[in-house]
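**Student:** The numbering of the sequence shown is the working numbering, which starts it at 924 and goes up by one.
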Amino acid sequence: DNMVESLSGQYDFANVNGPGLSGAFAMRLQEGHSLFSYYLLQFDGYDGAGQPIISDDKSFVGKSALPNLTGGLSTNLSYKRFTMSAYFNGQFGHYIYNNTANAFFTAGAFNTTRNVLPETLTSGEALGASAAASTRFLEKGDFVRLQNLSLAYDMPLSGEGVFKSMVFSVTGQNLWLSTDYSGLDPEVSSATGGNLPSIGMDYGAYPNPTTITFGINAKF
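1. Nearest to N1022 by CA position, among F948, Q933, L996 and D1065, is which residue?
2. Going by C-alpha to C-alpha distance, which of P1079, F1066, A1056 and Q1070 sits closest to P990?
3. CA-CA distance, L1069 and G1082?
4. Quick check: G1095 and T1136, are their CB atoms within less than 9 Å of each other?
5. Is G941 helix, strand or coil by DSSP?
6. Report yes or no: do the stretch 968 to 981 and the stretch 992 to 999 share at least 3 C-beta pairs separated by less than 8 Å?
7. Could you tell me the distance, in whole angstroms, from the CA atom of S1101 to the CA atom of F1086?
8. Using the Cβ count rule (16 or more neighbours within 10 Å means buried), how would you classify Y1029?
9. Once the 5 residues before and after S929 are set aside, which same chain residues still bring their CB inside 8 Å of it?
10. Once DSSP output is grouped into helix, strand and coil, what is the label at T993?
11. Would you say N1097 and N1140 are within 9 Å of each other, going by their C-beta atoms?
12. Output the distance between the C-alpha atoms of F1112 and I1122, rounded to the nearest integer angstrom.
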């Protein structure tokens, strides 16, 4: 469980950024708790006036940014002159703090912008309501990704020409992703200060790109 066994005092980190969130943080390092444990206000929906119902004090919420399980699966297939390889990877049991949603995609964001998601208007939240750092923005980060897929064809040659062999290939990176996380990518993190790694914090982080590469391998 990556438990902190000995530590004098406590250390708050994983800064939460955005309008009205000065000084907010999402994690606390403390003896007796797991590394990268979330320390937040508890969110319990909205009252009749559309104001968020949150706890009076922060507490450890029993969730961590560290995955309980990380795994991968690779396969290689061949048929006549064709070969194919694929690699899937995934992580499970961890949580991500969606700082981007906290900062920009709430009804309170109407105080400074009109760039919000459509569901913000039907969430039951009052316009202009404050959006404190809370479990409202804590999401499961489980995912499965097709990290790599490669297909190659070994062209038959007569042996009388310049080339002894020629292989054509195409390789794709990050071609498919399955996740319930509402952000752009569950496998990214953002710099949040505090001189500690920022695992589990998503604040406008750029997603992993999808790339496709074509290649020719020729032997003379």
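Think of the CB as a built atom: it goes at the ideal place given N, C-alpha and C, for glycine as much as any other residue.
Since the model is a prediction, treat every value here as computed from it, not as a measurement.
**Tutor:** Taking the geometry as given:
1. F948
2. F1066
3. 37 Å
4. yes
5. coil
6. no
7. 43 Å
8. The question names Tyr, but residue 1029 is Thr in the sequence shown. Label assigned to T1029: buried.
9. E954
10. strand
11. no
12. One point to set straight first is that residue 1112 is Ser, not Phe, in the sequence displayed. Straight-line Cα distance between these residues: approximately 5 Å.
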